[in-house]
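Participant: Those protein sequence lines, which keep their order, are chains A and B. Here this note's numbering is used: the first sequence runs in plain steps of one and ends on residue 1225. Here this note's numbering is used: the second sequence runs in plain steps of one and ends on residue 1225. Each residue gets a CB set at the ideal place from its N, CA and C atoms; glycine is no exception. Just passing along the structure, written as structure tokens.
2 protein chains.
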Amino acid sequence: MNSEKTKIAVLGGTGNIGKGMILRLALQNLMEDGVKNEVVIGSRTPETAQEAAKEALEELENCGFDTSDIKITGESNTEAAKEADLIVLTIRFGHVPSLLESIREDLENKIIISPVVPMVKAGPIFEYRPPEEGSAAQAIQARVPESTKVVAAFHNVAARKLQDIVKCKAVHDSIICSDDEEAKKTVMKLTENMGCLKPLDGGPLSNANTVEALTPLLINIAKLNGLKDLGINFS
Amino acid sequence: MNSEKTKIAVLGGTGNIGKGMILRLALQNLMEDGVKNEVVIGSRTPETAQEAAKEALEELENCGFDTSDIKITGESNTEAAKEADLIVLTIRFGHVPSLLESIREDLENKIIISPVVPMVKAGPIFEYRPPEEGSAAQAIQARVPESTKVVAAFHNVAARKLQDIVKCKAVHDSIICSDDEEAKKTVMKLTENMGCLKPLDGGPLSNANTVEALTPLLINIAKLNGLKDLGINFS
């Protein structure tokens, strides 16, 4: 392990959003300003995670990238969280409480990134269903040690755009919220080098509610107006 | 009165958002595809409204437009509502219940457009404070006759951009929500010709909550990131 590299665990990293995130994180090792990192994919079984790690490396090679400076491995969610400096939760909101319970002791002083959006399909449209804490991000904050810094980010990016590392040059805004200014800056720096995202300071975690709610709105607007994989820009 | 023209009342039309709205509505009379209309500004006293009407016409003339086919008048809010086919509520959320109470009997079968955003300044940031109905738009729906069609629109446009009829060519998206498809289409057509807005179908009125919440988020993001008069675009 190279101690200069940030070890990033992507828990639930075998899902749609996780896949693109892993590729975009790994590619930062090839960028001059990228955040040098090692990615550990977390999944319910280490075998699934290891398979996803192998596939991600193959995808990067197939796209023509030199992967000799890239490290992507797979572990169980609990092992991945243990090793990581920074943890991305790409899991469904319903699984958040039990997962946090299982990794709680390994979260001291770490950063957790939440792109989690609690939503349900109600007839033809998606509805945001925030928990009583106000947002998924705040529900996470309520379930981790006090020293853990929760940062809400990456909610409003379409999985397909995130995964399309070669062709997707669209730069959408990504609103980043946190009550910890240092952690927010770290994640904004990470976002700057995701290749398809531009970070915007979204203020405190109490603003995460609106940012999360944008995701079902984007899906609804896309469907209602015959559009696809919408992102958002402020200007 | 030309019966082919839509009579539009802009209640609270002497405020910042109202001013720009009136200019953009009036200008539609000079556009081939514009919705031909007569604007009645509503205010607490007819004198204030008449003064605002005179100023709006002068502003259009000063910008070099021929105002001979444009009609902007001023009335009390109740008189303006009585005459109108379509009513725009550019008032603060706190004033909504008493105003609706005073014009209730003149609302049968009419369209009400709500750009109303209930928000408060909490320390350095703005916070969205929806009423128990879910949004200002839904609170309005609960206070009008059953035949009145409420359309949520024009929440996320900066007053300064709306007022700058000559220079502002920025085209931002405006999300339009309503439970009445015909009324929604009417307002989308109106929006198309506002000169700085592109309408997007935002689905039912229950989606207005997120659209309203975007306004304080836009103000917060602008302040936090050193930006100004932000609008929103989906792509």
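So, with DSSP's three-state summary, where would you put V1177 of chain A?
Facilitator: As a position in the first sequence, residue 1177 of chain A is number 187, starting the count at 1. V1177 of chain A: helix per DSSP, three-state reduction.
Participant: What is the rounded straight-line gap between the Cα of E1073 of chain A and the Cα of K997 of chain A?
Facilitator: Indexing the first sequence from 1 puts residue 1073 of chain A at position 83. Indexing the first sequence from 1 puts residue 997 of chain A at position 7. Taking the straight line joining both Cα atoms gives about 7 angstroms.
Participant: Which residues does DSSP pair with G1032 of chain B in a beta bridge?
Facilitator: In the second sequence, the residue the question calls residue 1032 of chain B occupies position 42. Answer by DSSP bridge pairing, in chain order: B:L1001, B:E1065.
Participant: Give me the Cα-Cα distance between G1032 of chain B and V1000 of chain B, rounded to the nearest whole angstrom.
Facilitator: Along the second sequence, one-based indexing puts residue 1032 of chain B at 42. Along the second sequence, one-based indexing puts residue 1000 of chain B at 10. Roughly 6 angstroms between the two C-alpha positions.
Participant: When you check each C-beta in the segment 1192–1206 of chain B against every C-beta of chain A, which residues fall closer than 8 angstroms?
Facilitator: Under the 8 angstroms Cβ criterion, the segment 1192–1206 of chain B contributes G1192, G1193, P1194, S1196, N1197, N1199, T1200, V1201, A1203, L1204, P1206.
Participant: Could you have a look at H1085 of chain B and say whether DSSP puts it in helix, strand or coil?
Facilitator: If you number the second sequence from 1, residue 1085 of chain B lands on position 95. Helix, per DSSP.
Participant: Taking L1190 of chain B as the reference, give the member of A:V1025, A:G1008, A:L1220, A:S1066 with the closest Cα.
Facilitator: Residue 1190 of chain B sits at position 200 when you count from the first residue of the second sequence. For the residues A:V1025, A:G1008, A:L1220, A:S1066, the minimum Cα distance to L1190 of chain B belongs to A:L1220.
Participant: Report buried or exposed for L1150 of chain B, applying the criterion of at least 16 other Cβ atoms within 10 angstroms of its Cβ.
Facilitator: Taking the second sequence and counting its residues from 1, the one referred to as residue 1150 of chain B is at position 160. Contrary to the premise, residue 1150 of chain B reads as Arg rather than Leu in this sequence. Classification for R1150 of chain B: exposed.
Participant: By alpha-carbon positions, which one of A:E1171, A:F1116, A:S1164 ends up nearest to L1139 of chain A?
Facilitator: Translated into the one-based positions of the first sequence, residue 1139 of chain A becomes position 149. The displayed chain sequence assigns Lys, not Leu, to residue 1139 of chain A. Closest option to K1139 of chain A, Cα to Cα, is A:E1171.
Participant: Can you find a C-beta in chain B that's less than 8 angstroms from the C-beta of F1224 of chain A?
Facilitator: In the first sequence, the residue the question calls residue 1224 of chain A occupies position 234. Chain B, which has a Cβ nearer than 8 angstroms to the Cβ of F1224 of chain A, makes this yes.
Participant: Taking the alpha-carbon positions, what's the T1035 of chain B to K1044 of chain B distance?
Facilitator: Taking the second sequence and counting its residues from 1, one reaches residue 1035 of chain B at position 45. Taking the second sequence and counting its residues from 1, one reaches residue 1044 of chain B at position 54. Cα to Cα, the separation comes out at about 15 angstroms.
Participant: Would you check if the distance between the CB atom of M1276 of chain A and the CB atom of V1078 of chain A is smaller than 8 angstroms?
Facilitator: The displayed coordinates of chain A run from 991 to 1225. Any statement about residue 1276 of chain A would go beyond what the structure contains.
Participant: Hey, V1134 of chain A and I1166 of chain A: beta-carbon distance below 8 angstroms or not?
Facilitator: Residue numbering aside, residue 1134 of chain A sits at position 144 when the first sequence is read from its first letter. Residue numbering aside, residue 1166 of chain A sits at position 176 when the first sequence is read from its first letter. Contact flag unset, no.
Participant: Return the CA-CA distance between L1013 of chain A and F1083 of chain A, expressed in angstroms with no decimal places.
Facilitator: One-based indexing of the first sequence puts residue 1013 of chain A at position 23. One-based indexing of the first sequence puts residue 1083 of chain A at position 93. Straight-line Cα distance between these residues: approximately 23 angstroms.
Participant: How do the segment 1111–1125 of chain B and the segment 1178–1193 of chain B stand: do at least 3 beta-carbon pairs fall below 8 angstroms, yes or no?
Facilitator: Taking 8 angstroms as the limit for Cβ pairs, the verdict is that the segment 1178–1193 of chain B does not touch the segment 1111–1125 of chain B.
Participant: Counting only the same chain and skipping the five closest in sequence on each side, list residues whose C-beta sits under 8 angstroms from that of A1212 of chain B.
Facilitator: Start at 1 with the first residue of the second sequence, and residue 1212 of chain B comes out as number 222. Once the five neighbours on either side are set aside, the close Cβ partners of A1212 of chain B are K1218, D1219, L1220.
Participant: For V1156 of chain A, report the span of its alpha helix (DSSP H) as first-last.
Facilitator: As a first step, residue 1156 of chain A must be located in the first sequence, where it is residue number 166. First-last for V1156 of chain A: undefined, no H or E at that position.
Participant: Within the continuous beta strand (DSSP E) that includes E1117 of chain B, where are the two ends?
Facilitator: Position 127 of the second sequence, counted from the first residue, corresponds to residue 1117 of chain B. Unbroken beta strand (DSSP E) run through E1117 of chain B: 1115–1118.
Participant: Might you give, ordered along the chain, the residues of its own chain that have their beta carbon closer than 7 angstroms to the beta carbon of L1015 of chain B, omitting 5 neighbours on each side?
Facilitator: Walking along the second sequence from the start, residue 1015 of chain B turns up at place 25. The answer, listed in chain order, is I998, N1027, V1029.
Participant: For D1059 of chain B versus N1019 of chain B, is the C-beta spacing smaller than 8 angstroms?
Facilitator: Residue 1059 of chain B sits at position 69 when you count from the first residue of the second sequence. Residue 1019 of chain B sits at position 29 when you count from the first residue of the second sequence. Yes.
Participant: Please list, in chain order, all residues of the same chain as E1123 of chain A whose beta carbon is under 7 angstroms from its beta carbon, the five residues on each side excluded.
Facilitator: As a working mapping, residue 1123 of chain A is identified with position 133 in the first sequence. A1129, A1132, listed in sequence order.
Participant: Going by beta carbon distance, what residues of the same chain come within less than 8 angstroms of G1005 of chain A, once the five residues before and after it are set aside?
Facilitator: Against the first sequence, residue 1005 of chain A aligns to sequence position 15. The answer, listed in chain order, is T1080, I1081.
Participant: Less than 8 angstroms between the C-beta atoms of S1125 of chain B and E1202 of chain B, yes or no?
Facilitator: Taking the second sequence and counting its residues from 1, one reaches residue 1125 of chain B at position 135. Taking the second sequence and counting its residues from 1, one reaches residue 1202 of chain B at position 212. Going by C-beta atoms, S1125 of chain B is nearer than 8 angstroms to E1202 of chain B.
Participant: First and last residue of the alpha helix (DSSP H) that includes L1013 of chain B?
Facilitator: In the second sequence, residue 1013 of chain B corresponds to position 23, counting from 1. 1006–1017 is the extent of the alpha helix (DSSP H) around L1013 of chain B.
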